[in-house]
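> Quick one: the structure is below, and I'll ask about it shortly.
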Amino acid sequence: MLHSMSTTVESSSQRTADEVNEEIRALWRRSGGTLSVEQREEYQRLVLEWAAAVPRSASAA
């Protein structure tokens, strides 16, 4: 069964890719490695946000 994935990312988020990545890692830690349907939806949203995230500035590197 295929699940549809929304391609809209909330533009209100101005988090860096690092910040979103940390939330993704926390989601996987909380899930114990197996995502529920709701967690998969959250993961998909976070991945889209991560892809559109503000890159870390060169001065912060």
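The sequence shown begins at 1 in full-length UniProt numbering and counts up one residue at a time.
Glycine included, each C-beta is placed from N, C-alpha and C at the ideal position.
Please read these numbers as outputs of a predicted model, since none were measured by experiment.
(1) How many angstroms separate the CA atom of glutamate 42 from the CA atom of isoleucine 24?
(2) Express the C-alpha separation of glutamine 39 and leucine 27 in angstroms, rounding to a whole number.
(3) Could you give the distance in angstroms between the alpha-carbon of proline 55 and the alpha-carbon of arginine 15?
(4) Answer with buried or exposed for valine 37, where buried requires no fewer than 16 other C-beta atoms within 10 angstroms of its C-beta.
(5) Kindly identify the DSSP beta-bridge partner or partners of threonine 16.
Reading from the atomic positions:
(1) 9 Å
(2) 8 Å
(3) 9 Å
(4) exposed
(5) Val54
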